[in-house]
Ligand SMILES: Cc1ncc(COP(=O)(O)O)c(C=O)c1O
Ligand SMILES: Cc1ncc(COP(=O)(O)O)c(C=O)c1O
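Residue numbers (my numbering), protein chains in the order written: chain C, 46 to 530; chain X, 46 to 530; chain R, 474 to 939; chain P, 474 to 939.
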């Protein structure tokens, strides 16, 4: 039932707005004639509706959620409450420095922490999600070439396994995205890379470990070759969780990186954001960082804007990015400290390798059986699809009936019937075992009753939804009058 | 699955306690040898466990909850957040007056508000729930008689319809509880009352409207007679919601009352408390009020304790009662104001009478068909039990399948197969209609398949539970070792 | 009309169904003479923004001082998860789980709570909460009087070293049943309950002996001896303990030759904020044989029609809603939500976490005592070993010291003058894990200034310092 | 190791299953030369109590001043229910609803959000959020360039009276695709976008005209004329509006002869706290015919295998995870939680509630302008009618005034000197419903003192006043 269907004309949540005068001084013709048909419900009706709706979600707080590439780890509750302290939550973004030292000191320290864990020379917290971090990074690469009057560079190289945001970002920055194939062992095809490199190469976008869940071993060589061709290296930080305290993008030779704080730094995913995608750069890209940033004279903190950073690629949002998300990441980082940071990579990697081994032992097919898993790994259900007639989607939907969120399916695109599985470090072994057991069980079900599997899920608020109809018979909002029907 | 079953030796929620030194200066023999086997779980495991557990509850925020006598109305969310403001939640109960004026001013104003709505001369906020309010009230009656050296009064009169706390309270105060029968029209049997009154009568406990959901019309006469016999009148305020702004206990002739703030003033029931049961008194009981109370010199506020109130029945708790609950009630009262208070009674009464009429029209039997409903009312399923073989419990359990909490069943005891139904003012008409429709539907189900009804509920986490076994084969806590089983 | 969903149209329709003209008609059974006026002194309702502003002002007014008062309510850190979970609507807005099938969340949680408390106290059974520590002790006293078949007495031995507010509360709640509280003195040197004084009652008929651990002075009692003494003298023993301390100290179930009969106390240190003294919760555990004398809700594990595990209220025949005047207590609504918080709190802390916090508090106390006695004119009052709180003797009137400290936003402790005038200038102090080294240094500094200005005979000028 | 559940025993067992000696072994594919050190500059982790203290200190440090700054971020009252619900774990810790069946909560909520936004804006369709208002405008510009088949131009007309940070953001985000922003001046008298200046571009090839309502000065644009002008000149029109204002003002879907093509803006006034500028959310609506050019998530209603209603992501072929380099945008993670809050916020407020808040803010602005101009030396800068914000001219340097006010904990408004030096001593002020009459009086008083001390040529001594 939609909230609109609880609505009755004249009903109101009256605790929430006192009467008010007619607006003075506004010409009649600018005033709205017909009220928007927003729901008219009592406060309790809204509370009940949205409480019950919430219960229809899977979430980290209720289920194992091994969605590959998304790092669905525990979101500490303290990060939420501390970022919402009255003094922080009421601070106006344009408050003067005199009334911002507390907030700015945290932001400055976060910049320093992120520099340290990534091995970069400077960090801007401005980007509001990973994709905007990517944008900033590629825009900086462009600004760098432009500043050197090196204007013939029109291509960004992107491995075929890359996340969709990578090629889309390249295009948003006015580049052509050129795909580089992957070898059977999961590493980049060096010959193809060499062929692709040239004076038209502006740079390459990589994540390491890659979205295939393996560590790109020849990263140094790739860096040398790309640099050799005059291109720069961009690091997609979505997979930083795998390497915290083990290896740093800066040390691998990357010139610019973004981080997904909603992944590695455990800020909540919120049903689709908000995130935060700070960018870090090596020395040579420093002048181009997006503004605003926080600077310090060693005692007080101040904003760095256009004035101090005339070569900056500029501003990415009306204010200073997703500050509340940054505060959550700050709290998280402070709770972890050096040792905790290190352990993130250790235990997320342990969990992934354990799951991979157990699945392989149970007869499932690893996409890269010769490789170590990193914090995530891929299995391909190609064999099951062929032999049993149930595909990765069927497995995914049936897992929901077992009370677990499905892994990422059908991404990366180059692995057929693919499950990208990321358990994260905060899951206990019991969850991992339960997942493997469910997979085995589902395969048994497929053997006896494949049709049944294709009907899954059965125990959720709805059964499998008709996506085709959703896209063909577009129904994108409630129509007034429906509640009367 | 119990939280203990998620436990693993050595696992900890490490964000929550740093290491600490061995305790110095405590003799070894006083130190604990074996650690208690509390759960050892990660923070996420606890969060997930208790989030999922919560989803197994019906609550006001998720379901219609017409539990008679309990006033399960909407609990405004602002009451919660404002009572938990850092400055309020961190105040130590023994902080000096210099650091308590904000808190005390709210408590003082709440005392004044409660005086006004009840028509009493003074109020103490000390009692921690209705039953403790009852205790205070009867103890004050006793103190009053004692102070006058009127020591032969040994009985408290209690109508047979009274809540169980009433007779239990009388006994806790050293009295004998004597039952007074109710007439067929729901009013107290005046003849029986007259017979029971005498020099042994210390007082009478009444609630008006009574737990039968009808207004005791001859209340003035009752008051006169009890007073005539030298007894005092105690008002059980559990049903105050019905009469706010319409009639006041003080005006009806009551000498002492308690209020259930978790009912009338909408503080949350919390799965069984905490509540608050302030008491109000007429002039003559004023010296006996429980301490502490808040007094004022017109400018500053101070505590009234033993010193200022030498005749007080004394202290009921270590500090000043359930202060956080009182703050919630204060916020609620301030949001309602005079008009809002009045409307509570109006609309709760409207809702009850509407439901009663619709149920009667649908052929259900009202316990007091000739009477107005107050904020609640009773139907008896005697006929259905006889004709269809399904009793009130079966209806109740089946209602759960329809997504509604059951009304209060089998109370008051004098009505057979009884449903005490209290919709409250915050429910929209749709809920009331849905309930009536469900009742009709269930009766139809009973006609076609009574056995099925006896198996209800079907859609909840468990089916009907074996209470007898629970009491016979006592299993009152988890046993270490179970998780290994 | 806040929180009321009715539209005018609906009201008319509903009145039509009822067959009434107006809402006023629905009140026609109320005699005219009794109708009241419009409650106008209550004024207009505030909308949420206004009440928010008002409450923020009140909160600000109380100034968030630096607090070294304990005395039965302790400023512990509560993990953020605790209240974010406990205030979920499904816990916050449910009631007593009368319909078990629709309340498995609360019921299972309460069963887990009972399990945790029996573990922590090393007792057989636990109930699901009473109002607070003081009233829980009153219930324990009533229970002991009912349960002690050996004794015909309605007298209880209660140490003077027990929290004075607890003694007052018990008195209020039991006196009407003719129960008498007989005070046992404390040893002026150690601060422990005096065995000499206790022995004066040897052979007397008492229903029970109350044993605090630690006692109000923070002093640790020799609980084995006291529990043994009670047993030897035909009395039940009632422990009153700080539950956090039990992560560190021998639990009541292991005191003396066979543990105490009843134990109870204040649950506040397990996840309840200070909140001006409440809501907290009282806990109570007892030995198996006393379970049917226990007041309050008890949850049992059972099975459903399909044999699946489930939880329900049990032993309800003890309770007022079944047994009415013969119930073990009149308690009905108890402190469910606080128990919800406590259960989550204990799950997050575990035994090791609670023990660490207990040790940290204890360490802080020792630090603080060291800092203050280091000033030279302040002495520990008692020689008995303490946990978490201690009594100091000051060289001047405690009230005066506290008032000056408070003017500097430091709440220096609890003045014992009212309840223990015999102790002279005595001050009860406490420093939980929430007090940092800096906090304690600030206290020390302010105290130093108080003492200095006293030496200069100029205490009144103190307010100028900073 | 916070948040890691592994016991030592489990680690050993898991390594055994893997067949590795140690966790270090699992990293053996990382070339030795690349391994990094121990991140030691990060220091030890804090436990929750310590970080709580630290954050409280930082929060306190910023002093909660009395704020009269608007300039794109507004201090509105947010009903307590909003964030108590939005932070429920099921919303807070879920991700983008890729598995629709397991995400019906979020999906239905987003569908409801889309329904509310199309109603509020009177537009055909809405997406499910973009990052913020400024970046949403950039997306709208890119969309217009893609969508305007009539125009071959990559030029956009953008008013100087639009928020300067929006203009800067759009520039950053579109310049690399060769899109040019051409500024349209404002009328120095009215503060409205200048029709004269606009008419200079008549006949020029532009993809779109951006129309703010109200504009950055709080001034109301003649939106019918502007939207009509755009249409007449073959441009798409892009509205940038304050969503709260739309409860009161004519919505973009009704501007000019047939409404705008795209509308977007900052969602913050719908339930997002100020929070130092984010997270907020950008909203975007468009006409039906442009839906396939829209960036961001879109939710559709559909049916399941049993014909039951359900909700799912739809039109994904626009998005990067399907279309990669040909996607309408690179956006992936957006601002879901803020939209959750906004949806609950709008449900609680309803159209009437939003309209009342809008009127109250507007009334407060007028009060404040009256109080300040009543001081005699302060004038409104523009003659155009305003909503909710206004520009004043001061008799002295704005920066100086603001600094002195700030020393008294009053944030007096936004200084226009940097972005609009041509306006002289101009100040943009705002007074939402959260500012009381007392607050405004305090502002007036402090301003009076600033002006007085200026007259005495003694501005420096101002800090002494109170
Ligand atoms: C590998 C990879 N790169 C980039 C992104 C984009 O990050 P965001 O969703 O924060 O824009 C993601 C996230 O989904 C990702 O998994
Ligand atoms: C009529 C009546 N009286 C008294 C009480 C006792 O109130 P409490 O549960 O707050 O102790 C109740 C509540 O259950 C009740 O309904």
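Even glycine gets a Cβ: it sits at the ideal position worked out from N, Cα and C.
Residue i touches chain C at which residues, Cβ-Cβ below 7 Å?
{"i": "residue 481(R)", "result": "55"}
My assumption, with CB atoms under 8 Å, is that residue i sits in contact with residue j. Please give the rounded CB distance.
{"i": "residue 791(P)", "j": "residue 785(P)", "result": "Not confirmed; about 15 Å, so no contact."}
{"i": "residue 589(R)", "j": "residue 816(R)", "result": "7 Å"}
Would you mind telling me which residues of chain P sit closer than 9 Å to residue i, beta carbon to beta carbon, in chain order?
{"i": "residue 553(R)", "result": "521 and 525"}
{"i": "residue 906(R)", "result": "522"}
Measure from the C-beta of residue i to each C-beta in chain C and report whether the shortest distance is under 8 Å.
{"i": "residue 581(R)", "result": "no"}
{"i": "residue 746(R)", "result": "no"}
{"i": "residue 691(P)", "result": "no"}
Can you list the residues of chain R that residue i reaches, using a CB-CB cut of under 8 Å?
{"i": "residue 126(C)", "result": "553 and 557"}
{"i": "residue 438(P)", "result": "This structure leaves residue 438(P) out entirely; chain P is present only between 474 and 939."}
Look up residue i in the DSSP assignment and give the residues it is bridged to.
{"i": "residue 508(R)", "result": "292(X)"}
{"i": "residue 348(X)", "result": "339(X)"}
{"i": "residue 603(P)", "result": "755(P)"}
{"i": "residue 887(R)", "result": "901(R)"}
{"i": "residue 27(C)", "result": "Within the shown structure, residues of chain C are numbered from 46 to 530, placing residue 27(C) beyond reach of any answer."}
Give a yes or no on whether 8 Å exceeds the smallest Cβ distance from residue i to chain R.
{"i": "residue 881(P)", "result": "no"}
{"i": "residue 61(C)", "result": "yes"}
Please check if any C-beta of chain X sits within less than 8 Å of the C-beta of residue i.
{"i": "residue 509(R)", "result": "yes"}
{"i": "residue 48(C)", "result": "no"}
Give me the chain P residues within the contact set of residue i, using Cβ-Cβ distance strictly less than 8 Å, ordered along the chain.
{"i": "residue 89(X)", "result": "476 and 478"}
{"i": "residue 861(R)", "result": "The contacting residues do not exist; residue 861(R) stays about 16 Å from chain P at best."}
Does residue i come within less than 8 Å of chain P when only Cβ atoms are used?
{"i": "residue 92(X)", "result": "yes"}
{"i": "residue 122(X)", "result": "yes"}
{"i": "residue 217(C)", "result": "yes"}
{"i": "residue 107(X)", "result": "no"}
Say whether the stretch 295-309 of chain X touches the stretch 104-117 of chain X, bearing in mind that this needs 3 or more beta-carbon pairs closer than 8 Å, one atom from each stretch. yes
Any contact of the stretch 181-195 of chain C with the stretch 346-355 of chain C, i.e. 3+ C-beta pairs under 8 Å? no
Could you say if the stretch 120-134 of chain X and the stretch 451-466 of chain X meet the contact criterion of at least three C-beta pairs nearer than 8 Å? The answer is no - the stretch 451-466 of chain X does not touch the stretch 120-134 of chain X, with fewer than three Cβ pairs under 8 Å.
On the three-pair Cβ rule with 8 Å, is the stretch 445-454 of chain X touching the stretch 99-112 of chain X? yes
Three or more C-beta pairs under 8 Å: does that hold for the stretch 619-638 of chain P against the stretch 706-718 of chain P? yes
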